[in-house]
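Working notes for the structure below.
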Amino acid sequence: MISLKNFINGELVAPLEGNYIDNYNPSTGQVYGKVPDSTDRDLQKAIEAAKSAFPEWSQMSIDKRSRYLMKIADLIEANIGRLAEAESLDNGKPVSLARRVDIPRAAANFRFFAAAIVNDSTESHIMEGQAVNYTRRAPLGIVGCISPWNLPLYLLTWKIAPALATGNCVIAKPSEITPYTAFLLSELIIEAGLPAGVLNILHGRGAVIGQSIVQHEEVKAISFTGGTETGRLIGKLAAEQFKKASLELGGKNPVIVFDDCDFEEAITTSVKSAFTNQGEICLCGSRIFVQNSIFEKFKESFVKQVNDLTVGDPKGDVNLGPLVSDRHLQKVEQFVENGRSEGAEILIGGKRLDQEGYYYLPTVIAGLDEYCEINQEEVFGPVVTLVPFEDEADAIAKANSTKYGLAAVIWTNDLKRAHRVAHQVQAGIIWVNCWMLRDLRTPFGGMKSSGVGREGGNDALRFFTEPQNICIKL
Ligand code: NDP
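With the working numbering applied, the sequence shown covers 5 to 478.
Here it is, written out as structure tokens:
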């Protein structure tokens, strides 16, 4: 039985109340570990540690801070195998996917912001003959970073790295369902020699310790990634104290396939964008709109490729592992059942795998319009719908028909149409003829109920700092 610890003031410590939560292995449904069920007493310790670490960390030379982050990146890379296995054990994703994507990207997050902070600059504005203004960007102090279970280490480090780079001290809370890689990160942070108290990681329940972090008066900003309803609550709580909040929330991303696309590439990539990580990526394309003229051909080829996907033990050579939890499996199952009663035609899948663990088969649905529940709500699992469309205007209307606006994919070889459609689809990230290509310098985030604020590149550096204008009379 693996027993995790909190990371406070540079040390791995048990929760002060001594309570733990069970942690399940999704591939067996068995408990494999215990996670601290932290309380306000643990948070207070972390706040005190962060408070005393802040003066030295925030005034440290940028070069030195950057070197710490580079060292952490090196250590993550040196431990890819161990981290990938831990992530798979927690989350159910194939170990091979975690090795190839999640863990290298976690290292890349630290490396990127270590370089970004060294190359950052501030503005100056000259009032000819009168004064010169320059903008100082000061760290906020203690900030809270709260992340979800689907890309546990990648999303946690995506927040921690810019917060630390800009000179803040951090209280981080990973999801209680997937805490293992954050725990291993604490060990690597100790090895990297990061000064005590600069980063503190508290485990536990979102509604308990997560909410306490959001509400603590010493926490000056919250960077949150998770569900839209949780984000709504966090946004309200943060606003009450005039705290900055960056909210990266749910998605229901459209894939628009025009009949002039590279057909084979559109099929292969759309299978990936639907089912990678069991469809548990906020950027997955779960509503595929296909132009009428190629709808039947697309449907047939798509289902044929989905039929070739393998589902099973994430330690093996498989495309999909189990879903993250029993609760989530039941939620996905319920969406498909509701779809059935709305008249869904299940082209493939639509059921659990008949074995222990939380496995659900990749599922393709047709016969429902864009307004049915499964095309409106975030299922966040291996379920995708195929819906035909007439022309550009119809495709855009269907793509924009949900409350979400995170990402979209457009398949066409008509350059003008690609731009035209991209400018009308309401999404923060639009991929044309590709999916998941990420340049960390670009703004990242969603429109509408998919979030507020942008992370990535300069946006992250700006979020974690407060500008101060200094005006000097000439
Ligand atoms: P949740 O909103 O349930 O949880 C996210 C995090 O918030 C977890 O650490 C959770 O802790 C914590 N939390 C829960 N309640 C509170 C609270 N009241 N106060 C403070 N913290 C709280 O999301 P999921 O973990 O289920 O993640 C899936 C969601 O994340 C999907 O909607 C997905 O689209 C979204 N997501 C968005 C991304 C984006 O970039 N836009 C990227 C990836 C995912 P605990 O788990 O312990 O309850």
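Cβ coordinates follow ideal geometry from the N, Cα and C atoms, glycine included.
Please read these numbers as outputs of a predicted model, since none were measured by experiment.
Where residue i falls: helix, strand or coil (DSSP)
i	result
M5	coil
E91	helix
G254	coil
R86	helix
F393	strand
W61	helix
F467	helix
D41	coil
E15	strand
D67	helix
Y363	coil
L287	coil
I25	strand
Y408	strand
P166	helix
S329	coil
Q334	helix
V429	coil
V122	helix
T185	helix
M440	coil
S227	strand
Y138	strand
N154	coil
R424	helix
heavy atom of the ligand NDP below 7 Å from residue i C-beta
i	result
P178	yes
C149	no
S454	yes
V218	yes
F384	yes
N154	yes
C265	no
L237	yes
A211	yes
Q215	yes
L8	no
I433	no
I181	yes
T161	no
C286	yes
G145	no
L253	yes
G450	yes
T43	no
T232	yes
L511	This structure leaves residue 511 out entirely; the chain is present only between 5 and 478.
L157	no
L357	no
Beta carbon of residue i nearer than 8 Å to that of residue j
i	j	result
Y364	G33	no
V275	Q245	no
G455	E233	no
I76	I193	yes
G385	G283	yes
L1	Y36	A query on residue 1 cannot be resolved here, the shown segment of the chain reaching from 5 to 478 and no further.
V501	L168	Any answer about residue 501 is impossible in this case: the structure gives the chain only from 5 up to 478.
F468	G457	no
I146	K224	yes
K452	Q428	no
H220	L333	no
S227	C149	yes
R383	R291	First, the residue type needs correcting, since residue 383 is Val and not Arg in the sequence shown. Against a cut-off of 8 Å, the Cβ pair of R291 and V383 comes out as no contact.
I434	A412	yes
T280	C286	no
L87	L155	no
L327	P366	no
I369	L351	yes
I175	A54	yes
E470	L144	yes
D314	V322	It should be pointed out that residue 314 corresponds to Thr in this sequence rather than to Asp. For T314 and V322, yes; Cβs fall inside 8 Å.
Y138	I474	yes
T182	F114	no
P19	N13	no
Closer than 7 Å: residue i CB and nearest the ligand ATP heavy atom
i	result
K303	Because the ligand ATP does not appear in the structure shown, any question about it cannot be addressed here, the ligands present being the ligand NDP.
Should the segment 78–90 be called in touch with the segment 103–115, which here means at least 3 C-beta pairs below 8 Å?
Under the 8 Å Cβ criterion, the segment 78–90 counts as touching the segment 103–115, having at least three qualifying pairs.
Below 8 Å, can you find three or more Cβ-Cβ pairs linking the segment 180–189 to the segment 115–129?
Result no; under three Cβ-Cβ pairs closer than 8 Å.
Three Cβ pairs or more, each shorter than 8 Å: is that satisfied between the segment 292–299 and the segment 255–271?
In short, these stretches touch, since the Cβ pair count reaches three.
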